[in-house]
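First up is the structure itself, then whatever we jot down about it.
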Amino acid sequence: MRFDVITLFPELIAPYLQHGVNRRASAAGVEVHFWNPRDFADGAYRRIDDRPFGGGPGMVMLAEPLARCADAIRLARGEEVGPFRSAHAARAPLVFFTPAGAPLRHAMVAEFAQSQQGAILLCGRYEGVDQRFVDAYVDQQISLGDFVLSGGEVAAAAFLDAVLRLQPEVLHAADSHAQDSFNPAISGLLDCPHYTRPEVWRTQPVPEVLLSGDHARIAAWRRQQSLQLSARHRPDLLKRAHEAGALSAAEVK
Ligand code: SAM
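So that you can map any letter, position 48 of the sequence shown is 48 in full-length UniProt numbering, and since no number is skipped, the others follow by simple counting.
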C-alpha cells in the first residue's frame, strides 16, 4: 500500500511516522512518500500561492503547481495521468483535507486500511486551494473536525496514524484494535476504562471484578462500562448501535 502526501511542510509529518507503532508500517509494506508543490512551481521564487480574486485576507494555493505535482505522483505510482478520477476508476483517490470535507470516522479509516490502493493526500495551507484544482483533481474531501487548523498536515498525520495502525503487523497484538472505540466488534461504542498496577493507587482500588479471574464476569463488566460511557459522552453512538441492531434486547431496555 502506498500513500503520497502533497505538503509544503513534509518535516511536520515525517517524524511522526518514525515513532511508536507507526515506525513498523514500512515493515508491514506501507510506503509513504512526500511531495512538495514548490518543486513544481515556476520562476526563481517558485511561487505556490497568490492573492485571492475578489480581495480579502490571506493567500490561495495556485492550481498549476498542484496539478503538475499530482500528475508526477500518478506517473510515479504507475497510474494514468490527468484530472477527473471518474475517467480512471482504477486510480487511488486524491484526498483533500479541508473543513468542508466529511468528518473522519472509523468506518472511513477502516475502508482505506483495507483497500490496497492507498491514496494521494493533499494538505492545504493559507486560505486554502484554488477551487478549480479541487473541482478537477480532488476525489474525496475529509475534515478532522469542526475547527480550523493552520494546515492539512495535522489532519494527514492523524489520518495516516489511524490507517497504519490497522495494518497487520503494525500493532503488537494484530487484532487488539478490534476492541478499540468505534469498532464493530464493540458495536461502534466507546472502549471501556482500563487499569494497571498497583491494585490500589492513592486510596483508589481497581474494580474488584478485574482481579477476579472470572473472564465471563470481566467481559460483562466491560460491556456494561462501554454502554454507560457511551450513554454519558456519546449518546449518538448508542443510538447508531441501536438502529444497526448491534445491541441485545437487554441492552436496549
Ligand atoms: N479558509 C479555510 C476555511 O475557513 O475553511 C481554512 C483554511 S486553513 C487556515 C488552511 C488549510 O488547513 C486548509 O486548506 C486545510 O487543508 C487545512 N485544514 C484546516 N482545518 C482543517 C480541518 N478541520 N480538517 C482538515 N483540514 C483542515
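Think of the CB as a built atom: it goes at the ideal place given N, C-alpha and C, for glycine as much as any other residue.
#1: Which value, in whole angstroms, describes the spacing of the CA atoms of residue 105 and residue 193?
#2: Confirm the yes/no value for this check: CB of residue 100, any heavy atom of ligand 1, distance under 7 Å.
#3: In the DSSP output, what is residue 2 paired with across the bridge?
#4: Within this structure, are the beta carbons of residue 153 and residue 52 separated by less than 8 Å?
#5: Where in the region 106-163 do unbroken runs of the beta strand (DSSP E), each at least 3 residues long, occur, reported from the N-terminal end onward?
#6: By how many angstroms is the C-alpha of residue 227 removed from the C-alpha of residue 220?
#7: Please classify residue 132: is it buried, with 16 or more other beta-carbons within 10 angstroms of its beta-carbon, or exposed?
#8: Would the C-beta of residue 192 count as close to ligand 1, meaning under 7 Å from any of its heavy atoms?
#9: Determine the direct distance from the alpha carbon of residue 44 to that of residue 141, and round the result to whole angstroms.
#10: In whole angstroms, what is the alpha-carbon distance linking residue 135 and residue 57?
#11: If the criterion is Cβ atoms closer than 8 Å, does the pair residue 139 and residue 66 meet it?
#12: Given 7 Å as the limit, tell me if residue 60 has its C-beta closer than that to any heavy atom belonging to ligand 1.
#13: Say whether the region 111-128 touches the region 146-166, bearing in mind that this needs 3 or more beta-carbon pairs closer than 8 Å, one atom from each stretch.
#14: Taking the alpha-carbon of residue 234 as reference, which of 113, 190, 211 has the nearest alpha-carbon?
#15: On a CA-only basis, which of 84, 146, 61, 64 is nearest residue 100? Give me that one, please.
A quick look at the data gives this:
#1: Here residue 105 refers to the residue found at position 105 of the sequence shown. Here residue 193 refers to the residue found at position 193 of the sequence shown. Answer to the nearest angstrom: the Cα atoms are 21 Å apart.
#2: Numbered from its first residue, the sequence shown carries residue 100 at position 100. Yes, Cβ of residue 100 sits closer than 7 Å to a heavy atom of ligand 1.
#3: If you number the sequence shown from 1, residue 2 lands on position 2. DSSP, once it has assigned bridges, lists 31 as partnering residue 2.
#4: Here residue 153 refers to the residue found at position 153 of the sequence shown. Here residue 52 refers to the residue found at position 52 of the sequence shown. Going by C-beta atoms, residue 153 is not nearer than 8 Å to residue 52.
#5: 119-123, 140-143
#6: In the sequence shown, the residue the question calls residue 220 occupies position 220. In the sequence shown, the residue the question calls residue 227 occupies position 227. The straight-line gap from Cα to Cα measures roughly 11 Å.
#7: In the sequence shown, residue 132 corresponds to position 132, counting from 1. Result: exposed.
#8: Along the sequence shown, read from residue 1 onward, the residue named residue 192 stands at position 192. Because no heavy atom of ligand 1 lies under 7 Å away, the Cβ of residue 192 does not count as near it: no.
#9: Here residue 141 refers to the residue found at position 141 when the sequence shown is read from its first residue. Here residue 44 refers to the residue found at position 44 when the sequence shown is read from its first residue. C-alpha separation (whole angstroms): 32 Å.
#10: As a first step, residue 135 must be located in the sequence shown, where it is residue number 135. As a first step, residue 57 must be located in the sequence shown, where it is residue number 57. Answer to the nearest angstrom: the Cα atoms are 23 Å apart.
#11: What you label residue 139 is simply residue 139 of the sequence shown in a count that begins at 1. What you label residue 66 is simply residue 66 of the sequence shown in a count that begins at 1. The answer is no: Cβ separation not under 8 Å.
#12: Looking up residue 60 in the sequence shown gives position 60. No, since every heavy atom of ligand 1 falls outside the 7 Å radius drawn around the Cβ of residue 60.
#13: yes
#14: Numbered from 1 along the sequence shown, position 234 holds the residue referred to as residue 234. With distances taken between Cα atoms, residue 234 lies closest to 190.
#15: For this step, residue 100 is matched to residue 100 along the sequence shown. Answer by Cα proximity: 146.
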